[in-house]
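One structure is given here, and the rest of the page talks about it.
There are 4 protein chains.
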Amino acid sequence: MICVLKQNVSGEREEQLIKWLKSLGLGVHISEGERQTVLGLIGDTSKVDADLIESLDIVEAVRRVSEPYKTATRQFHPADSVVDVGGVKVGEGLTIIAGPCSVESEEQLVGIAREIKKSGAHILRGGAFKPRTSPYSFQGLKEEGLKLLSVAKKETGLPIVTELMDIDHIDLFDDVDCIQIGARNMQNYELLKELGHINKPVLLKRGLANTINELLMSAEYIMSGGNENVILCERGIRTFETATRNTLDLSIIPVLREKTHLPVIIDPSHATGKANLVPPMALAAVAAGADGVMIEVHNDPMHALCDGAQSLTPARFDQLADQMRKVREVVK
Amino acid sequence: MICVLKQNVSGEREEQLIKWLKSLGLGVHISEGERQTVLGLIGDTSKVDADLIESLDIVEAVRRVSEPYKTATRQFHPADSVVDVGGVKVGEGLTIIAGPCSVESEEQLVGIAREIKKSGAHILRGGAFKPRTSPYSFQGLKEEGLKLLSVAKKETGLPIVTELMDIDHIDLFDDVDCIQIGARNMQNYELLKELGHINKPVLLKRGLANTINELLMSAEYIMSGGNENVILCERGIRTFETATRNTLDLSIIPVLREKTHLPVIIDPSHATGKANLVPPMALAAVAAGADGVMIEVHNDPMHALCDGAQSLTPARFDQLADQMRKVREVVK
Amino acid sequence: MICVLKQNVSGEREEQLIKWLKSLGLGVHISEGERQTVLGLIGDTSKVDADLIESLDIVEAVRRVSEPYKTATRQFHPADSVVDVGGVKVGEGLTIIAGPCSVESEEQLVGIAREIKKSGAHILRGGAFKPRTSPYSFQGLKEEGLKLLSVAKKETGLPIVTELMDIDHIDLFDDVDCIQIGARNMQNYELLKELGHINKPVLLKRGLANTINELLMSAEYIMSGGNENVILCERGIRTFETATRNTLDLSIIPVLREKTHLPVIIDPSHATGKANLVPPMALAAVAAGADGVMIEVHNDPMHALCDGAQSLTPARFDQLADQMRKVREVVK
Amino acid sequence: MICVLKQNVSGEREEQLIKWLKSLGLGVHISEGERQTVLGLIGDTSKVDADLIESLDIVEAVRRVSEPYKTATRQFHPADSVVDVGGVKVGEGLTIIAGPCSVESEEQLVGIAREIKKSGAHILRGGAFKPRTSPYSFQGLKEEGLKLLSVAKKETGLPIVTELMDIDHIDLFDDVDCIQIGARNMQNYELLKELGHINKPVLLKRGLANTINELLMSAEYIMSGGNENVILCERGIRTFETATRNTLDLSIIPVLREKTHLPVIIDPSHATGKANLVPPMALAAVAAGADGVMIEVHNDPMHALCDGAQSLTPARFDQLADQMRKVREVVK
């Protein structure tokens, strides 16, 4: 870590800072420049609060040489991680996750599960607990929804991923293969810490206004607790553009490839909010090197009571899955 | 609620939609235009999921006439609400909340509490549980911090406000006069629902990338549960500008005045991240009509281990408090 | 166009508005709802200033049924447009534009032009006039640069595209096949109007903070003047994310496909600012259905005096061009 | 300027860089750290393209110690600048600029000019050339509008400020006291360069998505040409929030106070887009220390053909002007 001091800092204040930095267990390499002093901090700087140091009035700038995350960084873990979700190896080849936005009924869920399996999907998604902006909107079938997911899993053999909103519900998730943490909870640190102590894969979605580094720091909250089975998911960020619900930031794929060894999944359905935008963005995600995509499929979009218009029909999904595999062939 | 249908929608699909809208308990007033049909939805539309309707492929646009929030809206509650925080009437006159970012020690906290009281502050703030981007950053004194807040309260008589991050900690908050919900938890709906069932004022901070309407919907989560003692707080939003930590959106004050009866507090310390920017923005907040401000004060900013550089010294705060009262005189 | 009036608007004010709307040459279809009135505006609404109407205090909302652009919209021009750039048909198949950020010397430019032609590029790009944030940064070789572009064109037969910053320079652009308008000038309306009167293709780049609709309105400025040879180009928008220089918004491709008949080109080099991010984003652009890509290539990135680190070597470009053609095969 | 090299950079590449930096006329102070090298660049770094250096693959980070602008920075010009606009000293006391969005007629303009003068306004504003998103919207009375501004100036003695969109119109601006450059042209560098060669004050508006540093660099374009009479103006930035037209970033006031000696004006009318939001934000601007405000006033908002709903009536403006002066008394 490089710490550039402001000009004309009194020797006394400089001493004070250096003493404090050393008290944090860091080695301090001082290089006196003509106009200002630069401190090189040596040791485990991942535990250092760079914001705090930069906020000191005698400090001009702080630059990390190594990233602030230890377990998520590729620096100390060059090989790609593969996360096992009920037998599916996420991070090996292209993983296709599909299913309805919300679980509505056994007939609906099992029907869709059978269809997507035929099209080559590997994991079934479906919301039982739904985070909704309005307290008056449909909040999901909750426990009943989880039971239906288990039925669909039994019927088709597809592992299941579904969202957890409160750690107190964890006992209901025994049969769930992968826990999804939604964008709104990406910085719900108390929840993340709890997930560090269980032994299930976690699909962590990027918050609407969170940077890529913040996403990795949230992954670090889980991993530092002992659970390293984390899958990162981009689902669109909030910008000034209103033509799409959110702006899908696909450049996150190559950026994360450099920074971390964790697998990266893209969710074009929530990002765009419109069914006709999903196939092009799903293909783009695969072309950019995503480890997988998560796509909403519904047997009757018009009837779906949640985000109907962003769901694909099984027929359209089948065609898309085929194209995605072909694009993967080209870029792998 | 106005629902504009697309052109050339088949009568059958239109029937289907109208039937479904009526099944939601709404009256539907149909007006056939030359090119398209406009539906007027009558009844309690606050429970209607406008996003869902707008997402239907036969719908051109949906416009609310009444807001989606029932208890927070000024429409059904024209008079300003006043929230009682340990005897302090937030919403009546200018409320000044001050204190350190983090509780560090009894000496520090009680010392600051005495200083700010002398300067005319009404409520003491101080973090015991600290949400930090990095799991390796200082997370607060937790339970010990809450005890110190109680001591400072006893010593000075100032009511206290502090952040709650997990409902499981609620028992520790008995002596806390106002529960703060941080920006990162603004859409932690499970937590908000729980707060609807307790009888304590809640200071709800706007999320970094949340709209004013989303802030009101989150307030609605709390209020719809029965707890109407909600105070709204702007603390800066995330934009492209990097000269300040966040962009303080003061126009939220007059906008909220129109939309809701709830009191509005501004936090210029977290928004700007720099002590020298705090006084001008605090004065601006008062001039724009804020019901109060929340300001970080520290007796030794250089030494503060959390956000030191955004804290004012007691002397600077004393001067600011005086100016704020004078500005209030002009604009009230 | 649908105009929803507020509730309890006096008949007199309503009359006033309707009279004024009719004075704009519009037919007005009035439908009185139970709670409010909805006006259907019939006729050529493309000339109506929707913002103005919505800003009137008796108006609740205004919704366009047809887009505000007449010549750019697909509504009145269902077939895709093909723009001829020196014999290259942009909008038919995949168009590859490549070249250095800045023109530096004949040897550099002709060398790169020969390389990219071998790799299958169709058009040569290179900056002669460079818009730079700082008046002290290299501003391009200007007229000399344009001469070198002509030399490269003669040597290789590749048509050339380069940026125009001031209409007073237009005489120097005789031999240029396509005029590029940079992001910073997307709303330089006086310049756009002038381009409407010349007969050369224009590559119009999206502004850093401009919506897709604003991009189309700027295209309309050119087209309404008579020059319909407009190519739209996405080069990244400004968001809170700092890991990439800008955020490449690829969802613009399917969105523009619906809204307009104009060809869409993606520039991943300026959007990402880093060479290693360019290939994945270029492949993503092709997978999402772009009509073409514009890529910076330099024979000696280390030495390039402008945006060196975002340029690909000819070898890397050759490999990418091959992959792009294969992805195109899959998705076309 | 501090330049931090990456780890394990070969001595040869380091030599190459240092040689090149020296060729730019800079002194290079090398300090070899344990893990990496830090270069201190001495001399006139304002002409150095930091982005270019940072983009080099062997460079970890570049930090300026002095700002990239020489004439706009407070560093070399500690005293506040005062810009004389037709006898009004902008930068001394509170300057109030007011007038209609667009010049419509002599009766309208002179009427408003007389009213605002009575209320204590110092400068008259009014648009003759109007930048509009749509080519079909009202574009202003152009030359005729400038003539009417001169009439109003003669009638009232108020200096006038109005927008210039194309340098070719400059001859028409002889009688204009201050040239306004709108947000869309903030980075129209060819226009800015021309303004550096004339001897008239320029009111430079911040672009919708431009950083504070970019605003200062654009001021530098004008000042480096010799015209140092620049007034900076904030008029709202583009964010995700849609409750207001733009987000007024008032923290720009104290930030600019530190960085530059130029006067700062706030335009709350365009930022908010709604008349009822203008007074609170205008008062907030004064409380935050603005040198002046620019406010739209119209004698008949309902009838105004441009941005009617964001204009204040003369009566409301009179009341606001009085309050602004009182707030100024408190904070000056």
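Protein chains in written order, with our numbering: chain A, 1 to 332; chain C, 1001 to 1332; chain P, 2001 to 2332; chain D, 3001 to 3332.
Quick reminder that beta carbons are idealized off the backbone N, C-alpha and C, glycines included.
What residues in its chain sit with their C-beta under 8 Å from that of residue 1196 of chain C, if we drop five residues either side in the sequence? Here the set comprises 1221, 1222, 1223, 1224, 1225, 1226 and 1227.
Three-state secondary structure (DSSP) at residue 3205 of chain D? Of the three classes helix, strand and coil, the one that applies to residue 3205 of chain D here is strand, per DSSP.
If we require 3 or more residues per run, which beta strand (DSSP E) segments fall completely within the segment 3106-3193 of chain D? Within the segment 3106-3193 of chain D, the beta strand (DSSP E) runs of at least 3 residues that lie entirely inside it are, in chain order, 3123-3125, 3160-3163 and 3178-3181.
Exposed or buried, what is residue 3253 of chain D when buried is set at 16 or more other beta-carbons lying within 10 Å of its beta-carbon? Classification for residue 3253 of chain D: buried.
Residue interval of the alpha helix (DSSP H) (run including residue 3282 of chain D): Element bounds for residue 3282 of chain D: 3278-3287.
Decide yes or no for the touch test of the segment 79-96 of chain A against the segment 105-123 of chain A: beta carbon pairs closer than 8 Å, at least 3 of them. Taking a cut-off of 8 Å on C-beta distances, the segment 79-96 of chain A touches the segment 105-123 of chain A, as three or more cross pairs fall below it.
Neighbour list for residue 240 of chain A in chain P, Cβ cutoff strictly below 9 Å: Result: 2209, 2210, 2211, 2237, 2238 and 2239.
Does the segment 157-164 of chain A touch the segment 174-192 of chain A, meaning 3 or more C-beta pairs lie closer than 8 Å? With the cut-off at 8 Å, the segment 174-192 of chain A and the segment 157-164 of chain A touch.
Thinking C-beta only, is residue 265 of chain A closer than 9 Å to residue 232 of chain A? Yes, they are a contact pair.
Hey, out of A:287, A:294 and A:56, whose CA is closest to residue 317 of chain A's CA? Of A:287, A:294 and A:56, the residue nearest in Cα terms is A:294.
Just checking, does the segment 1281-1292 of chain C make contact with the segment 1100-1118 of chain C on the three C-beta pairs under 8 Å criterion? Per the Cβ contact rule, the segment 1281-1292 of chain C is not in contact with the segment 1100-1118 of chain C (fewer than 3 Cβ pairs under 8 Å).
Whole angstroms are fine: how far does the CA of residue 3273 of chain D sit from the CA of residue 2014 of chain P? One C-alpha to the other measures close to 22 Å.
Every unbroken alpha helix (DSSP H) inside the segment 7-40 of chain A [4 residues or more]: Qualifying alpha helix (DSSP H) stretches, in chain order: 11-23.
By a C-beta neighbour count over all protein chains shown, 10 Å radius and 16 as the cutoff for buried, is residue 3234 of chain D buried or exposed? Buried: at least 16 other Cβ atoms inside 10 Å.
Buried or exposed: where does residue 3173 of chain D fall if 16 or more other Cβ atoms within 10 Å of its Cβ makes it buried? It counts as buried.
With distances taken Cα to Cα, identify the nearest neighbour of residue 2086 of chain P among P:2202, P:2011 and P:2214. Measuring from the Cα of residue 2086 of chain P, the nearest candidate turns out to be P:2202.
Does DSSP put residue 72 of chain A in a helix, a strand or coil? In the structure shown, residue 72 of chain A sits in coil (DSSP, three-state: anything other than H, G, I, E or B).
For residue 329 of chain A, does the count of other Cβ atoms within 10 angstroms reach 16, so buried, or fall short, so exposed? Exposed, by the Cβ-count rule.
At a CB-CB cut-off below 7 Å, which residues of chain D make contact with residue 61 of chain A? Here the neighbours are 3063.
Check the DSSP bridge columns for residue 234 of chain A and list the partner residues they point to. According to DSSP, residue 234 of chain A bridges with A:266.
Between C:1080, C:1007, C:1004 and C:1148, which has its C-alpha nearest residue 1103 of chain C's C-alpha? Taking only the C-alpha atoms, the option nearest residue 1103 of chain C is C:1148.
What in chain P is Cβ-close to residue 244 of chain A, meaning under 7 Å? Residues of chain P with a Cβ closer than 7 Å to the Cβ of residue 244 of chain A are, in chain order, 2251 and 2255.
Helix, strand or coil for residue 1271 of chain C per DSSP? The DSSP-derived three-state label of residue 1271 of chain C is helix.
Does any C-beta atom of chain D lie closer than 9 Å to the C-beta of residue 311 of chain A? No, its Cβ sits nowhere closer than 9 Å to a Cβ of chain D.
In whole angstroms, give me the CA-to-CA distance for residue 2021 of chain P and residue 3088 of chain D. Rounded to whole angstroms, residue 2021 of chain P to residue 3088 of chain D spans 42 Å at the Cα level.
Determine, for residue 1067 of chain C, whether the minimum Cβ-Cβ distance to residues of chain D falls below 9 Å. It does not: the Cβ of residue 1067 of chain C has no partner Cβ on chain D nearer than 9 Å.
Quick check on residue 137 of chain A - is its C-beta less than 9 Å from some C-beta in chain D? Not an interface residue.
Starting from the beta carbon of residue 2050 of chain P, find every residue of chain A whose beta carbon is closer than 9 Å, and list them in chain order. None at all; the shortest Cβ gap to chain A is about 14 Å.
Quick check on residue 2321 of chain P: does DSSP put it in helix, strand or coil? Collapsing the DSSP output to three states places residue 2321 of chain P in a helix.
Over what stretch of residues does the alpha helix (DSSP H) that includes residue 3296 of chain D continue unbroken? Where residue 3296 of chain D is concerned, there is no enclosing alpha helix (DSSP H), although the beta strand (DSSP E) it sits in stretches over 3292-3296.
Residues that residue 3045 of chain D bridges to, as DSSP identifies them: For residue 3045 of chain D, which the question treats as bridged, DSSP gives no partner whatsoever.
Quick check on residue 1327 of chain C: does DSSP put it in helix, strand or coil? Annotated three-state conformation of residue 1327 of chain C is helix, per DSSP.
Please name the residue or residues paired with residue 1003 of chain C in a DSSP beta bridge. DSSP output for residue 1003 of chain C lists C:1039 and C:1062 as bridge partner(s).
Report the rounded CA-to-CA distance for residue 3099 of chain D versus residue 3278 of chain D, giving the unit in angstroms. One C-alpha to the other measures close to 14 Å.
Pick from D:3275, D:3291, D:3251 and D:3280 that is closest to residue 1276 of chain C, judged by C-alpha positions: Nearest option by C-alpha distance: D:3251.
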